[in-house]
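Numbering-wise (our numbering), the sequence shown opens with residue 159 and increments by one.
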Amino acid sequence: QVHLVESGGGLVQPGGSLRLSCAASGSISSINPMGWYRQAPGQERELVARITISGGTVYADSVRGRFTISGDYAKNAVWLQMNSLKPEDTAVYYCNTQQWGNSFWGRGTQVTVSS
Numbered sequence: 159q160v161h162l163v164e165s166g167g168g169l170v171q172p173g174g175s176l177r178l179s180c181a182a183s184g185s186i187s188s189i190n191p192m193g194w195y196r197q198a199p200g201q202e203r204e205l206v207a208r209i210t211i212s213g214g215t216v217y218a219d220s221v222r223g224r225f226t227i228s229g230d231y232a233k234n235a236v237w238l239q240m241n242s243l244k245p246e247d248t249a250v251y252y253c254n255t256q257q258w259g260n261s262f263w264g265r266g267t268q269v270t271v272s273s
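Below is the structure:
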């Protein structure tokens, strides 16, 4: 079993920045990729960004150029630097990883962008 714990969410004004962190523990061999999803009220969960063990990244069109994902598979950790935040970025952000065809999720961290 893989356990994921997120941190770093909070309330920020439009145009501000936040950095999310996710740490994996448990049976963590062969986890790949690691990434972030988000879910706003009344909407489906969507991919924000993910990073593979080889460093390949994928971003949602809505965040490309504003968000940066980084990861350290030796430390089993992934981060999401979020800049130029917009009200529409408000959501619960979930850390995710895959292992042998299974998907694991953290409990999520709330990000609220509001003045």
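Note that beta-carbon positions come from the ideal geometry of N, C-alpha and C, so glycine has one too.
Quantities reported herein were computed from a predicted structural model and do not represent experimental measurements.
Worksheet item: Quick one: what's got a C-beta closer than 6 Å to residue 203's C-beta in the same chain, skipping five residues either side?
Response: For the purposes of this step, residue 203 is identified with residue 45 of the sequence shown, where counting begins at 1. Only residues of its own chain outside the window of five on either side were considered, and among them 195 and 197 have a CB closer than 6 Å to the CB of residue 203, listed in chain order.
Worksheet entry | 6 Å CB neighbourhood of residue 241 in its chain, flanking five on each side removed | Here residue 241 refers to the residue found at position 83 of the sequence shown. 175 and 224.
Worksheet item: CB-CB under 6 Å to residue 250, same chain, minus the five flanking residues each way: which ones, in chain order?
Response: Residue numbering aside, residue 250 sits at position 92 when the sequence shown is read from its first letter. So the list reads 197, 266 and 268, once near-sequence residues are dropped.
Worksheet item: What is the DSSP secondary structure of residue 230, counted as helix, strand or coil?
Response: By 1-based counting over the sequence shown, the position of residue 230 is 72. Reduced to three states, the DSSP call for residue 230 is strand.
Item to complete: Work out the CA separation of residue 230 and residue 193 for me, nearest whole Å.
Response: If you number the sequence shown from 1, residue 193 lands on position 35. If you number the sequence shown from 1, residue 230 lands on position 72. Between residue 193 and residue 230, the alpha-carbon positions lie close to 12 Å from each other.
Item to complete: Compare the beta carbon distance of residue 160 and residue 182 with 8 Å and say whether it is the shorter of the two.
Response: Locating residue 160 in the sequence shown gives position 2, where the first residue counts as 1. Locating residue 182 in the sequence shown gives position 24, where the first residue counts as 1. Yes, the pair counts as a contact, with Cβ atoms nearer than the cut-off.
Fill in: Alpha carbon of residue 208 to alpha carbon of residue 172, nearest angstrom
Numbered from its first residue, the sequence shown carries residue 208 at position 50. Numbered from its first residue, the sequence shown carries residue 172 at position 14. If I take the Cα positions, the gap works out to 24 Å.
Discussion item. Let me confirm a value: residue 221 is counted as buried when at least 16 other C-beta atoms fall within 10 Å, else exposed. Which label applies?
Written reply: The count along the sequence shown starts at 1 and reaches residue 221 at position 63. Residue 221 should be labelled buried.
Worksheet entry | Residues sharing a beta bridge with residue 197, DSSP | Along the sequence shown, read from residue 1 onward, the residue named residue 197 stands at position 39. In the DSSP assignment, residue 197 forms a beta bridge with 250.
Item to complete: Below 8 Å on the Cβ atoms is my guess for residue 263 versus residue 252; work out the distance and round it to an integer in Å.
Response: Translated into the one-based positions of the sequence shown, residue 263 becomes position 105. Translated into the one-based positions of the sequence shown, residue 252 becomes position 94. In this structure residue 263 is in contact with residue 252, their Cβ atoms being roughly 5 Å apart against a cut-off of 8 Å.
Practice prompt. Take residue 167 as the anchor and find which of 243, 258 and 259 has the nearest alpha-carbon.
Written response: In the sequence shown, the residue the question calls residue 167 occupies position 9. Looking at the Cα atoms, 243 is the closest of the given residues.
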